[in-house]
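Protein chains in written order, with the numbering used here: chain A, 1 to 301; chain B, 1001 to 1301; chain C, 2001 to 2301; chain D, 3001 to 3301.
Glycine included, every Cβ here is placed at the ideal spot set by N, Cα and C.
Taking it in order: structure first as C-alpha cells, then the write-up.
Number of protein chains: 4
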Amino acid sequence: MSKEVRVGLIGYRFMGRAHANAYRQVNAFFDPPLRPRLKLVCGRNETAVREFASRFGWEEQTTNWKEVISRPDIDLVDISASNDVHAEIAIEAAKTGKAIFCEKPLARDLKEALTMFRVVQEAEVTHMVCFNYRFFPAIRLAKRLIKEGAIGRIRQFRAIYLQDWLVDPTFPLHWRMRREKAGSGALGDTAVHIVDLARFLVGEIAEVTGLLETFIKERPLPDRPGLANVTVDDAATFLVRFAGGAIGVFETTRVAPGRRNFMHLEVNGEKGTLYWNAEAMNTLWCYTEEGPPHCQGFRRI
Amino acid sequence: MSKEVRVGLIGYRFMGRAHANAYRQVNAFFDPPLRPRLKLVCGRNETAVREFASRFGWEEQTTNWKEVISRPDIDLVDISASNDVHAEIAIEAAKTGKAIFCEKPLARDLKEALTMFRVVQEAEVTHMVCFNYRFFPAIRLAKRLIKEGAIGRIRQFRAIYLQDWLVDPTFPLHWRMRREKAGSGALGDTAVHIVDLARFLVGEIAEVTGLLETFIKERPLPDRPGLANVTVDDAATFLVRFAGGAIGVFETTRVAPGRRNFMHLEVNGEKGTLYWNAEAMNTLWCYTEEGPPHCQGFRRI
Amino acid sequence: MSKEVRVGLIGYRFMGRAHANAYRQVNAFFDPPLRPRLKLVCGRNETAVREFASRFGWEEQTTNWKEVISRPDIDLVDISASNDVHAEIAIEAAKTGKAIFCEKPLARDLKEALTMFRVVQEAEVTHMVCFNYRFFPAIRLAKRLIKEGAIGRIRQFRAIYLQDWLVDPTFPLHWRMRREKAGSGALGDTAVHIVDLARFLVGEIAEVTGLLETFIKERPLPDRPGLANVTVDDAATFLVRFAGGAIGVFETTRVAPGRRNFMHLEVNGEKGTLYWNAEAMNTLWCYTEEGPPHCQGFRRI
Amino acid sequence: MSKEVRVGLIGYRFMGRAHANAYRQVNAFFDPPLRPRLKLVCGRNETAVREFASRFGWEEQTTNWKEVISRPDIDLVDISASNDVHAEIAIEAAKTGKAIFCEKPLARDLKEALTMFRVVQEAEVTHMVCFNYRFFPAIRLAKRLIKEGAIGRIRQFRAIYLQDWLVDPTFPLHWRMRREKAGSGALGDTAVHIVDLARFLVGEIAEVTGLLETFIKERPLPDRPGLANVTVDDAATFLVRFAGGAIGVFETTRVAPGRRNFMHLEVNGEKGTLYWNAEAMNTLWCYTEEGPPHCQGFRRI
C-alpha cells in the first residue's frame, strides 16, 4: 500500500512548476510507494499563486511561508524559492520535524550549507537536495554498468556543462548575478549538477584546484537606468583528484554562444568508457573490450 | 618558378614515412613555391632504410646522420627521429646552416628547447616544429573566421585529446614511456598538439595550473622478462589564462578505452562559437548570432 | 475567454492514455482557446477503466461506447479504440452531432474511410484524424521555412520510418497483424505518419507505385498453442509524384533490428534542404545558399 | 615474388588522376602481388598529358589511344575516358588480349554493356569495372559480418546517394548531361555505386520498378550563348526485389542542396542491422541481439 505525503511547496516559478508537474504526473503514470498529495503552495504574489494552484490542482495556497512550516497537515516542505532563503526555511522546517526537499544549490556558501546540514541531522528529519540528473535513465544505467564492473576501476572523469543565456551583455542584472542572493554564479547553478553526477558515478572528491571568471562585469539594472556590478562568476573550471584515485576535469559557463544547455559526461575506466550527452538524454554510449577485435566499438544504448 | 629544396630526412618510421609521402605527393597534386626533392634518407638499419628509399623514391640513403648534416647538397634537415636526439641533431644542423624541420615535441624539457631555439636563432636558419593540425582545412577556416571577427573577442577555449593505445597494462615499455628518451608522456606527445592549436587560434598562454597522472606505473620490459617503471605521464590536465584574457581547459590521455584518436576543440567568443572534432576532420561547426531567431543554430561547414 | 470542450474518450490503452495526459497537461501549461474537460472515459474492462479514470482525473467512466455518443453533455468523441471500430463509432457520433477526433489509421481501407468522410461532411461536424507529428515544433518550423520560401520550390522528398517491435518471430499474433482488425500493417500504422507529413510539407500526392512485403508469414497465437497467418504487411515502400511536380520516396518497416522508432524526413528544394530526425526531435537541419561560400553548411536549429 | 603489371592509362582528368595516384601509392605502402608499373598515359592534349606524366611518374605519354592498345609492352588498359568511348576502347583492347579495367558506368546502355561483356568473355581477358566503394574498409567489414551471419538472412536494404553539384541552373551543359555521351544522368553516375554495393552485400536484383526525373530541363551551352536540353536524369529512385527474397529502396540525385556527396546504406537482417554513411567513411554501425537487454544498442565500429 502506498503512503500519502502531503506536500507544501514554497516557490512556484521555474522549478516550483516543474516540481508541481512531477508530483501530479507520478501518480498518473506510476505507483510510487510514497504518493505526493498537492496540499499547499506558497508564493509572494497572491493572484499568481492562486492561479498556479488552480492549474496544477493544489488544494490550498498561501503567501506566508511560515504557514507551510507550521501546519501540522504538511509532511514535506519543498524549497523552490531563491537561494538566499534556502537556509532559513530549511532550518525552521527541520525544527518542526518536516521532511525537507531543497532545490540546488543548497546554500550560498559552505558555512551556510554546513549549518543546514547540522540542523537537519540533529532534527533527524528526512532531507534531500534536488539533483534531477541522477534520475535520468541513461545516468542510472551508467551507474548500474559501473557497479557491475563493465568498465573496471575508474581512472578519469570529465564533465562539461555549457549554457549561453547570459551571453548578451544587455541582459539585466538578475538575482542570480548577485552574490548576496545567489551565493555564486555558474558554480552554484550549473557546476553543482556535474559535481553531483561525479559524486554519484565516481565518488567523493579529495583535492581540487580551479579558476572562476566573470567576463561581463557590469550589467543594466532591471528596474531603473544604470549599470551595476555582476558579483558572481560567468564560468568555472576545475581539476580534481577523487578519493578513489581517479582524476577529473570540470567546466561550466553561462556565456558559450549557441550552447543552450549542453552537458557532456565521460568516465574512463581500466576496461571501458561510458559517455553521455544531455542533448540525446536517453542515449548512453558504452565501450568495453568484449568481442572480437573487428567488432569493437562504442555502443549506443 | 618554384624553387627546389633538397631534403635530408633522419628517421623513417611512423612520422618519417608520413613526411616522405607528403614530400612526394605535394609535387603531384600542387605547385608549391618550394618544391621538395627527396635527396637523402637516414636510418640505423641499412636494409630497412634502403628498402624505404626505394619505395618512396629517395635518391640516396645513409646510416650516419652526421652525413646528412655535412652534405653540401642538402638544404633542409628533417628530424623525425626519437625525442632524445632532436636537440643534438638540430644544433649540429643549424651550425652548418641547414634549414631545420623538427618533429614534435621539440625537446625533452624546457631547457633543451630553449638551447635549441637560441642556437637556430643565432645561426639565422629557417626552422619549424611539425605541428600538422594547423594545416587542416577546418582549422585554417576557424582561424580565418576568428580573424574576420565572426565570433568576436575570444573568452573560452577547451581542448580534449584522448587516445587509448596504452590502456593495456601488458603493452611493453617503449621509449615513449621513459623520461630520459621521451621527456614526457601524453604531455609532450598529444597535449603539444592542442597547445599549439590554442596558440594558433587564441594566442599566447600567460598562466597555467595542472596535474599529471600515471595510472599504470610498471610495464613489462620489451626485450626480457620483468617489469620496469613508467617514468612519464599517462594523462595531463591543465587550466590556463591566455595573455588576451581568455581562459582555457586542456585534457589529454593515452588510456581512455575506445578513444582511438579523439580530439575536440571549442572556442567561445563574445558573439559566437566554433567547434571541431577530429573524427570528422573536414567539418567545422559555427554558431553566430546572425539571422532571425527562428533560424539560429550551429552550422556544419 | 476560453471555451470548455467536454471530452468523451473511447479507449484507454496506449493512445488513450497519451490523449488523457495531453488533455490534462494543456490546461496546466497553456491557455488554449478550447479547454478540454475530462468528462467521460469508456473501456471494456470496468475495473481497469475505473482505475484509469481516477489516475487521470476523468469525472465519469462507462463500459458502453454508445453512452458516450448519446450523452448530451459530451462535445467531442475521441476514438482511441482499435481500427476495426473507428468507422462504426465515428458514423454514429457524427449522427448525434458530436465533434470527432479519430486515431490513425482512420479506417481499414479506402472504402471505409470515404464512407466516414462522407458522413461527417453531411453531418457538418468538426472532425480530425490524430496525426501528432505535424505538431512537433521542428516540423512546424520546417513548414514555416518552406512557406517563407527558404528552400524554394520543392523538388524531392524522402521519408523513412523504421521500427523493430515485430522482428522477433515468436512475438504473438496481435490484432495489429490481422487484416480484418487492422486493415493493414506498417502501411496503416507507421507509413500514415510520413504520408501525412508529406502532405503537410509538400502537398497532395498524384501518382504512386509501391511494394508491400510480409517477412514473417506465421506467428504464434496469443491465447492457445499453434500458429496463424499474418495477414498484413511487415514493410511498405513506395515512390510518388506529387501534384506540384516533386517526387518522393517512402519506406516503413516494423522489422528493422535495433531501429526502435527511427523516423527521418528530408525535403530538397531549388534553393535549400531541410531534414529532421525523430531521434533528435527538437532539431531541424537547414541548408540554404545564403552567406559567403566559405561559411556554407547545414545549420542545426 | 610480386609480378609487375605494365599499365596503359587512357584519360587523365578526375578519375585518371585518382588511378595514377593509386598505382603509385600502392607500391609505397603495400606489397601487392601484382605491382603496377606506370608505363604509358594517353590524353588528347599533348602538353597537358606530358605535364601529367611528369607529375605522377609515367614513363611515356601519347595522344593516340590506339597506341595503348597495340603496344606489346602494355599488360593492362585502364579506361578512364568519357562514357561514350568505353565500349570501343574495351572491345579493341580485348581483341589484342589486354586486361581491361574500365571506369563506371561500363556503358551508355544495356545493349552496349552486353556487347562489351560478350567480347571480353570470348577474348578470355581479365576485366573489371571500377567500383571503388567495395574496397572501403567499412564496406569490407560489413561484407565480412554478413558472411559470418552476424545479422542473419537479409530482409531489407536501403541506399541513398545525394549530390548537389547540378543544383545551380546556370551550371553549363556538360557531356555528363547529354544522353549520347553519358548514356544517363544520376542513374549511371551515382546510382551505379549503390547498385554495385547492393549486389556486393545483398546479391542479385530480380525485379525493379522506378522513376527518373529531370528538374532542370535546359542549361546554358558551355561554349556559346543559348540554352540546350538536358537529355539525362537529375534524379533516379527505384524499388527492387532481390533474388534472395529481400526488398530494397534506392534513391540518387544530383540536385539536393547542401548534400555534397552524401551516401547512406543500411542492411536489415533477421537478427541485426548494419549501416554506414560515407561522411564518416571509416565507421560501420552494427546492431545485433547479443548481450543483456540493458546493454543493447548500435555499436560504432
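Item to check | Chain-ordered neighbours of R3055(D) on chain B, where CB pairs are closer than 7 angstroms | outcome: Contact note: R3055(D) reaches chain B through N1027, A1028, using a C-beta cutoff of 7 angstroms and chain order.
Checklist entry - What residues in its chain sit with their C-beta under 6 angstroms from that of I2069(C), if we drop five residues either side in the sequence? => result Within the same chain, I2069(C) has close Cβ partners E2092, A2093, T2096.
Next on the checklist: I want to see whether chain B comes within less than 8 angstroms of A3246(D), judged by CB atoms only; does it?
Outcome noted: Taking CB atoms only, A3246(D) has no neighbour in chain B less than 8 angstroms away.
Checklist entry - Apart from the five residues just before and just after E2004(C), which ones in its own chain have a Cβ nearer than 7 angstroms to its Cβ? => result Only residues of its own chain outside the window of five on either side were considered, and among them R2035, R2037 have a CB closer than 7 angstroms to the CB of E2004(C), listed in chain order.
Next on the checklist: Using DSSP's beta-bridge definition, name the partner residues of M1263(B).
Outcome noted: Beta-bridge pairing links M1263(B) to Y1161(B).
Checklist entry - Could you give the uninterrupted runs of the beta strand (DSSP E) lying entirely in the segment 3070-3134 of chain D, keeping only those of 3 residues or more? => result Correct list: 3076-3079, 3099-3103, 3127-3130.
Item to check | Test item: CB-CB of L2221(C) and L2145(C) under 8 angstroms | outcome: No.
Next on the checklist: Can you pull the chain C neighbours of G1297(B), defined as C-beta to C-beta under 7 angstroms?
Outcome noted: Here the neighbours are R2299, R2300, I2301.
Checklist entry - Measuring CA to CA, which of T3214(D), F3262(D), G3152(D) is closest to E3290(D)? => result Ranking T3214(D), F3262(D), G3152(D) by Cα distance to E3290(D) puts G3152(D) first.
Item to check | beta strand (DSSP E) runs wholly inside the segment 1184-1272 of chain B, at least 3 long, in chain order | outcome: Residue ranges of uninterrupted beta strand (DSSP E) with 3 or more members, entirely inside the segment 1184-1272 of chain B and ordered along the chain, are 1205-1213, 1218-1220, 1227-1229, 1235-1242, 1247-1253, 1261-1269.
Next on the checklist: Using a 10 Å radius around the Cβ and a threshold of 16 neighbouring Cβ atoms, would you call R2155(C) buried or exposed?
Outcome noted: The residue is buried, with at least 16 neighbouring Cβ atoms inside 10 Å.
Checklist entry - Do you know offhand how far R3219(D)'s Cα is from Q3163(D)'s? => result Straight-line Cα distance between these residues: approximately 18 angstroms.
Checklist entry - Quick one: what does DSSP say F1298(B) is sitting in, helix, strand or coil? => result Judged by DSSP in its simplified three-state form, F1298(B) adopts strand.
Next on the checklist: Quick check on R1158(B) - is its C-beta less than 8 angstroms from some C-beta in chain A?
Outcome noted: Yes, because at least one Cβ of chain A sits closer than 8 angstroms to the Cβ of R1158(B).
Next on the checklist: Just to confirm the assignment, what range does the alpha helix (DSSP H) spanning R179(A) have?
Outcome noted: Counting along the chain, the alpha helix (DSSP H) containing R179(A) begins and ends at 179-182.
Checklist entry - Between N1268(B) and chain A, is there a C-beta pair that is closer than 8 angstroms? => result It does: the Cβ of N1268(B) has a partner Cβ on chain A nearer than 8 angstroms.
Next on the checklist: Could you tell me the alpha carbon to alpha carbon distance between K2111(C) and A2278(C), rounded to whole angstroms?
Outcome noted: K2111(C) and A2278(C) have their alpha carbons spaced roughly 32 angstroms apart.
Next on the checklist: Excluding the 5 residues flanking L1141(B) on each side, which residues of the same chain have their C-beta closer than 8 angstroms to its C-beta?
Outcome noted: The answer, listed in chain order, is L1284, I1301.
Item to check | Separation of F117(A) from N1083(B), as counted between CA atoms | outcome: Whole-angstrom Cα-Cα distance: 54 angstroms.
Next on the checklist: With a threshold of 6 angstroms on Cβ separation, who are the neighbours of A3081(D) within its own chain once the five nearest residues in sequence on each side are excluded?
Outcome noted: So the list reads I3010, G3011, once near-sequence residues are dropped.
Checklist entry - Hey, is the segment 3164-3184 of chain D in contact with the segment 2231-2245 of chain C, meaning 3+ C-beta pairs nearer than 8 angstroms? => result The segment 3164-3184 of chain D vs the segment 2231-2245 of chain C: no contact.
Next on the checklist: Can you tell me which residues form a DSSP beta bridge with K3003(D)?
Outcome noted: L3034(D), per the DSSP bridge assignment.
Checklist entry - Once you ignore the five residues that flank D2109(C) on each side, which residues in its own chain have a CB closer than 7 angstroms to its CB? => result Around D2109(C): G2183.
Item to check | 7 angstroms CB neighbourhood of A246(A) in its chain, flanking five on each side removed | outcome: The beta carbon of A246(A) sits closer than 7 angstroms to the beta carbons of I154, R155, Q156, F157, V202 from its chain, once the five residues preceding and following it are set aside; these are given in chain order.
Checklist entry - Using a Cβ-Cβ cut-off of 8 angstroms (strictly less than) and excluding sequence neighbours within five positions of S1002(B), which residues of its own chain qualify? => result Beyond the five residues adjoining it in sequence on each side, S1002(B) comes within less than 8 angstroms, by CB distance, of D1031, P1032, P1033, L1034, R1035 in the same chain, given in chain order.
Next on the checklist: Measuring only the C-alpha atoms, how far is T3170(D) from G3185(D)?
Outcome noted: Rounded to whole angstroms, T3170(D) to G3185(D) spans 17 angstroms at the Cα level.
Checklist entry - Terminal residues of the continuous beta strand (DSSP E) containing T3062(D)? => result Segment 3060-3062, the beta strand (DSSP E) holding T3062(D).
Next on the checklist: If I follow the unbroken beta strand (DSSP E) through T3047(D), where does it start and stop?
Outcome noted: That residue, T3047(D), is in no beta strand (DSSP E); its alpha helix (DSSP H) goes 3046-3056.
Next on the checklist: Going by the DSSP bridge assignment, what does Y3275(D) pair with across the sheet?
Outcome noted: Looking at the DSSP assignment, Y3275(D) forms a beta bridge with E3266(D), W3285(D).
Checklist entry - What is the C-beta distance between Q3025(D) and L3040(D), in whole angstroms, given that I count them as a contact (C-beta under 8 angstroms)? => result Actually they do not touch by this definition, with Cβ atoms about 19 angstroms apart.
Checklist entry - Between I2100(C) and N2132(C), what straight-line distance do the alpha-carbon atoms span, to the nearest angstrom? => result I2100(C) and N2132(C) have their C-alpha atoms some 16 angstroms from each other.
Checklist entry - Which residues, in chain order, does the segment 3222-3255 of chain D contribute to contact with chain C at a C-beta distance below 7 angstroms? => result Those residues of the segment 3222-3255 of chain D placed with their C-beta closer than 7 angstroms to a C-beta in chain C are A3235, T3237, L3239, I3247, V3249, E3251, T3253, V3255, ordered along the chain.
Checklist entry - Using the beta-carbon of each residue, which ones in chain C are nearer than 9 angstroms to P3257(D)? => result Under the 9 angstroms cutoff, chain C gives I2151, G2152, N2268, G2269, E2270, K2271, G2272, T2273, Y2287, T2288, E2289.
Next on the checklist: For F2052(C), which residues in the same chain have their Cβ closer than 6 angstroms to its Cβ, ignoring the five residues on either side in sequence?
Outcome noted: Spatial neighbours of F2052(C) in its own chain (CB-CB distance under 6 angstroms, excluding positions within 5 residues in sequence) are listed in chain order as Y2012.
Item to check | Test item: CB-CB of D2233(C) and T2214(C) under 8 angstroms | outcome: It is a contact, given that the beta carbons lie within the stated cut-off.
Checklist entry - For the alpha helix (DSSP H) that contains I2139(C), what are its first and last residues? => result Per DSSP, the unbroken alpha helix (DSSP H) holding I2139(C) starts and ends at 2137-2147.
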